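Presented below is the structure to which this report refers.
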Amino acid sequence: MIKLIASDMDGTLLDSNGILPLDFYSVLTKLNSKGIMFVAASGRQYHNLVKTFDKVKNDIIFAAENGTYIVQNGKELYSNCISKDIIPELCSLAATFDNCYILLCGKKAAYLQTNKPSVVKEIKKYFENVEIVDNIATIDDEILKFTLCDFNGANGNSYEVFNEKYKDKLKVVTSGNIWLDIMNKDANKGVAIKFLQNKLNISFSETMAFGDYYNDLEMLKACKYSYAMGNAVDAVKKVSNYLTDTNEEYGVLKAIREAVI
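Here it is, written out as structure tokens:
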């Protein structure tokens with residue numbers, strides 16, 4: 014029996030406009046009536062997820078910032094923060110790339126060193142609390158991940174360089190075409206799901222998850238009922254046990270209806 018369902022957001026549960034399916038709420042009500050917990054597992058900021066799920070924010074669990082920050086009913090359950098000592102070094106390397114912008118993702122806000130309208134507009138799609146700062150070294154916040162908004166495309170550009178240099182001591186992953194996330198080596202959505210499985214006494218065989226991109230791989234490996242979206246990258250399809258429709262076809266809700274309700 015499935016007791017825990019985790020879903021990525023962009024390219025998975027949300028449509029291409031970043032909107033929840035209208036019938037998500039009725040599906041969630043049915044899940045709650047069966048005692049099944051729903052986890053919004055995303056590279057997005059916690060505050061952004063709360064806004065997205067405002068109507069039902071107390072009925073789900075948030076695994077934000079690629080699983081580095083887990084919150085339920087406004088209470089932090091888990092966090093995995095990077096050391097601020099590594100940030101200047103990461104910033105120096107990031108500065109060698111053109112059209113690439115640093116975002117420090119903290120618990121309270123996301124911190125950006127540019128007010129360029131096109132950059133701010135893109136970032137505010139995924140981050141609700143954004144602060145423009147003169148010097149990110151002076152930020153008074155716990156930092157969950159170091160993110161680059163790489164308008165040249167993270168895969169094949171910044172990802173290759175950062176992964177080659179830091180793969181042995183940090184987790185370097187792309188969470189979207191222009192998004193590069195750097196976290197502690199032991200931080201990912203899979204670790205977050207395993208934490209919740211342990212806390213809620215839920216097994217691998219009682220867990221379902223949905224994803225479409227590279228930052229979903231560990232989460233999909235952490236459960237028996239792993240679903241790749243029809244629009245997923247090949248690496249996700251390879252590790253998943255099941256395939257559902259695309260996000261535009263509301264594949265997450267289709268699979269939940271077929272397998273759970």
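To convert a position in the sequence shown, counted from 1, into the working numbering, add 13. Glycine included, each C-beta is placed from N, C-alpha and C at the ideal position. Everything numeric in this text was worked out from a predicted model, so none of it was measured.
Where DSSP assigns a beta bridge to residue i, which residues make up the other side?
{"i": "residue 58", "result": "Answer by DSSP bridge pairing: none, since residue 58 is not bridged."}
{"i": "residue 83", "result": "76, 91"}
{"i": "residue 256", "result": "241"}
{"i": "residue 99", "result": "None; residue 99 has no bridge partner."}
{"i": "residue 269", "result": "DSSP, once it has assigned bridges, lists no residue as partnering residue 269."}
{"i": "residue 156", "result": "119"}
State buried or exposed for residue i, treating a residue as buried only when at least 16 other CB atoms are found within 10 Å of its CB.
{"i": "residue 65", "result": "buried"}
{"i": "residue 221", "result": "buried"}
{"i": "residue 37", "result": "buried"}
{"i": "residue 138", "result": "exposed"}
{"i": "residue 231", "result": "buried"}
{"i": "residue 103", "result": "buried"}
{"i": "residue 30", "result": "exposed"}
{"i": "residue 111", "result": "exposed"}
{"i": "residue 202", "result": "buried"}
{"i": "residue 217", "result": "exposed"}
{"i": "residue 195", "result": "buried"}
{"i": "residue 108", "result": "exposed"}
{"i": "residue 22", "result": "buried"}
{"i": "residue 35", "result": "exposed"}
{"i": "residue 156", "result": "buried"}
{"i": "residue 253", "result": "buried"}
{"i": "residue 128", "result": "exposed"}
{"i": "residue 71", "result": "exposed"}
{"i": "residue 48", "result": "exposed"}
{"i": "residue 42", "result": "exposed"}
{"i": "residue 270", "result": "exposed"}
{"i": "residue 67", "result": "exposed"}
{"i": "residue 153", "result": "exposed"}
{"i": "residue 224", "result": "buried"}
I think residue i touches residue j, with their Cβ atoms under 8 Å apart; what is that distance to the nearest whole Å?
{"i": "residue 198", "j": "residue 184", "result": "5 Å"}
{"i": "residue 265", "j": "residue 26", "result": "5 Å"}
{"i": "residue 208", "j": "residue 91", "result": "5 Å"}
{"i": "residue 83", "j": "residue 241", "result": "In fact, because the Cβ distance is near 23 Å, the residues do not count as touching under 8 Å."}
{"i": "residue 215", "j": "residue 40", "result": "At roughly 19 Å, the Cβ-Cβ gap does not stay under 8 Å, so residue 215 and residue 40 are not in contact."}
{"i": "residue 164", "j": "residue 117", "result": "No, residue 164 and residue 117 are not in contact; Cβ-Cβ is about 18 Å, not under 8 Å."}
{"i": "residue 80", "j": "residue 260", "result": "About 20 Å separates the two Cβ atoms, so there is no contact after all."}
{"i": "residue 136", "j": "residue 162", "result": "6 Å"}
{"i": "residue 226", "j": "residue 238", "result": "Not quite, the Cβ-Cβ distance comes to about 19 Å (not below 8 Å), so this is no contact."}
{"i": "residue 219", "j": "residue 17", "result": "6 Å"}
Should residue i be listed as close to the ligand HEM, given that the test is whether its C-beta is under 6 Å from any heavy atom?
{"i": "residue 148", "result": "Judged by which ligands are present, the structure shown has none, so any question about the ligand HEM falls away."}
Contact between the stretch 121 to 130 and the stretch 165 to 179 is defined here as three or more beta-carbon pairs at a separation below 8 Å; is this criterion met? no
Do the stretch 142 to 150 and the stretch 186 to 205 make contact, defined as three or more Cβ pairs closer than 8 Å? no
Return the chain-ordered ranges of every beta strand (DSSP E) run that is complete within the stretch 220 to 252 and spans a minimum of 3 residues. 220 to 224, 238 to 241
Taking three-plus beta-carbon pairs below 8 Å as touching, is the stretch 42 to 55 in contact with the stretch 63 to 80? yes
For the stretch 14 to 77, list the beta strand (DSSP E) runs that are entirely contained and at least 3 residues long, ordered along the chain. 17 to 20, 50 to 54, 74 to 77
In chain order, which beta strand (DSSP E) runs of at least 3 residues are fully inside the stretch 108 to 144? 113 to 119, 123 to 125
Ignoring anything shorter than 3 residues, give me the beta strand (DSSP E) runs that lie fully in the stretch 158 to 226, in order along the chain. 183 to 189, 192 to 197, 220 to 224
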